[in-house]
C-alpha cells in the first residue's frame, strides 16, 4: 500500500522540479523544443515535465546535467525547500573557480573548529555543537 504522504512528497517534488526547469529555460531564453532537443527527449515528454505530469528518470537527470553543463545539485536544490542552502548554491554556481577554491578552504577550516554535529532523531535536523574551547576560555571559572 502506498503511503499518502509519499504521494504528497512526489507532487511537491514534481512542482519544484518543473519550476526549476522553467526557470532554467527562461534564463537561457530557450523554447521547450530547444530544451527537448538539447536533452534528447521529445517535446511532448519535456512538456510533461514542465506540467508536472511525470517525474524525471535518473537517465533524464544525467542528460539535463550534460546538456546544460550543470551538476545534479542544481536540479535538486529548491529555493522554497531550503532558502539558505539554495542561496549559497546559487552564489557558488556563479563564482569563478578561484572563489570556489577559497570558499572550500574556508569552510573546511571552519568545520575543523567544531566537533561532528549530532543529528536529532526527533526532528532530523542538525544541532550544532558548542564551539571548541580555547585555552583562555578553559581557564575562566
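Numbering (my numbering), first residue to last: 7 to 147.
Even glycine gets a Cβ: it sits at the ideal position worked out from N, Cα and C.
Which residues bound the alpha helix (DSSP H) around residue i?
{"i": "residue 102", "result": "Neither: residue 102 is in no alpha helix (DSSP H) and is coded neither H nor E."}
{"i": "residue 38", "result": "38-45"}
{"i": "residue 68", "result": "64-74"}
Quick check: the Cα distance between residue i and residue j, rounded to an integer number of angstroms?
{"i": "residue 51", "j": "residue 88", "result": "28 Å"}
{"i": "residue 55", "j": "residue 99", "result": "24 Å"}
{"i": "residue 63", "j": "residue 116", "result": "37 Å"}
{"i": "residue 58", "j": "residue 118", "result": "42 Å"}
{"i": "residue 107", "j": "residue 91", "result": "18 Å"}
{"i": "residue 25", "j": "residue 110", "result": "29 Å"}
{"i": "residue 82", "j": "residue 48", "result": "22 Å"}
{"i": "residue 31", "j": "residue 104", "result": "28 Å"}
{"i": "residue 75", "j": "residue 69", "result": "10 Å"}
{"i": "residue 142", "j": "residue 120", "result": "With a pLDDT of only 45 at residue 142, under the threshold of 50, the placement of this residue in the model should not be trusted; the figure read from the coordinates follows. Answer to the nearest angstrom: the Cα atoms are 17 Å apart."}
{"i": "residue 39", "j": "residue 114", "result": "42 Å"}
Quick check on residue i: buried or exposed, where buried means 16 or more other Cβ atoms within 10 Å of its Cβ?
{"i": "residue 27", "result": "buried"}
{"i": "residue 21", "result": "exposed"}
{"i": "residue 42", "result": "buried"}
{"i": "residue 112", "result": "exposed"}
Do you know whose CA, among the options, lies nearest residue i's CA?
{"i": "residue 44", "options": "22, 18, 79 and 67", "result": "67"}
{"i": "residue 72", "options": "90, 46 and 91", "result": "46"}
{"i": "residue 23", "options": "38, 90 and 61", "result": "61"}
{"i": "residue 78", "options": "39, 95 and 105", "result": "95"}
{"i": "residue 93", "options": "102, 80, 103 and 104", "result": "80"}
{"i": "residue 85", "options": "69, 29 and 16", "result": "29"}
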